[in-house]
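A.B. asks: Submitted below is the structure of interest, expressed as structure tokens.
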Amino acid sequence: MPARSSPLAALSVRTAARASQQEPGGTLGSALRVRPIPGKFNRLDSVSRSDRDLYRLVVKNPSTMQIVFRKSGAPTVQLAVLNARGRVLRFGGQKLSFPVLAGVRKFSLTGLMPSTYFVRVSTASSATVNYRLRLNVSNLPTS
Numbered sequence: 005m006p007a008r009s010s011p012l013a014a015l016s017v018r019t020a021a022r023a024s025q026q027e028p029g030g031t032l033g034s035a036l037r038v039r040p041i042p043g044k045f046n047r048l049d050s051v052s053r054s055d056r057d058l059y060r061l062v063v064k065n066p067s068t069m070q071i072v073f074r075k076s077g078a079p080t081v082q083l084a085v086l087n088a089r090g091r092v093l094r095f096g097g098q099k100l101s102f103p104v105l106a107g108v109r110k111f112s113l114t115g116l117m118p119s120t121y122f123v124r125v126s127t128a129s130s131a132t133v134n135y136r137l138r139l140n141v142s143n144l145p146t147s
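Read in order, the letters of the sequence shown are residues 5 to 147 in my numbering.
Given below as structure tokens:
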């Protein structure tokens, strides 16, 4: 008779797979480095009041960055693009920090100069909020 897999064994396999995925840190120093740049990055994750996520992008050439952020339902999540010092970036005269209630938030930044940038995802909620973050960074053509 074949051995049956226990639900606990299946749970431990899923948990081990999740644990092997590097987690984005909550500080500039522990932020998850996005690679490759130029290139595409896709992440499913979650945040709560005690777990904010930061992603580090090291841009070496003038670039365009497209950001697509998706979540469903309450509570609100704050999405921000930060400069190398961790301050909210101003781009085209606008602060790049947005509340996301539900749905999709898309924007594109053209003309990013070489530097380190961070994308921060946070919430004031004690409940866990799931999200998907997609980043696409491409070098600007040189003349």
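Where is the CB? At the ideal position from N, CA and C, for every residue including glycine.
As the structure is a prediction and not an experimental result, all values here were calculated from the model.
Please identify the residue among GLY43, TYR59, SER54, LYS44 whose C-alpha is closest to the C-alpha of GLN26.
C.D. replies: GLN26 has its Cα closest to that of TYR59, out of GLY43, TYR59, SER54, LYS44.
A.B. asks: Could you name the residues that DSSP lists as bridge partners for GLN98?
C.D. replies: In the DSSP output, where bridge partners are listed per residue, GLN98 has PHE95.
A.B. asks: Would you decide whether LYS75 is buried or exposed? Buried here means 16 or more other CB atoms lie within 10 Å of its CB.
C.D. replies: So LYS75 ends up on the buried side.
A.B. asks: Could you round the C-beta distance between ARG138 and ASN46 to whole angstroms and report it? I think they count as a contact, below 8 angstroms.
C.D. replies: Sure, about 5 angstroms apart at Cβ, within 8 angstroms.
A.B. asks: For ILE71, list the residues DSSP reports as bridge partners.
C.D. replies: PHE111, LEU139.
A.B. asks: For the candidate residues VAL63, SER101, LYS110, GLN98, whose alpha-carbon lies nearest to that of VAL72?
C.D. replies: Per the Cα distances, LYS110.
A.B. asks: Is the region 34 to 50 in contact with the region 95 to 114, if contact means three or more CB pairs nearer than 8 angstroms?
C.D. replies: Verdict: no, contact absent.
A.B. asks: Please determine if the region 121 to 135 and the region 84 to 98 are in contact, where contact requires at least 3 C-beta pairs separated by less than 8 angstroms.
C.D. replies: Yes, they touch.
A.B. asks: Would you mind reading off the limits of the beta strand (DSSP E) that contains GLY43?
C.D. replies: First-last of the beta strand (DSSP E) with GLY43: 43 to 51.
A.B. asks: Leaving aside the five residues before and after ALA13 along the sequence, list all residues of the same chain whose C-beta is less than 8 angstroms from its C-beta, in chain order.
C.D. replies: At ALA13 the pLDDT is 44, less than 50, meaning the model places this residue with poor confidence and gives no usable figure here.
A.B. asks: Does DSSP put SER34 in a helix, a strand or coil?
C.D. replies: In this structure, SER34 counts as coil in the three-state DSSP scheme.
A.B. asks: Is LEU144 near SER54, with beta carbons less than 8 angstroms apart?
C.D. replies: In this structure, SER54 does not lie closer than 8 angstroms to LEU144 by Cβ.
A.B. asks: Alpha carbon to alpha carbon, how far is LYS44 from TYR135?
C.D. replies: Between LYS44 and TYR135, the C-alpha separation is close to 17 angstroms.
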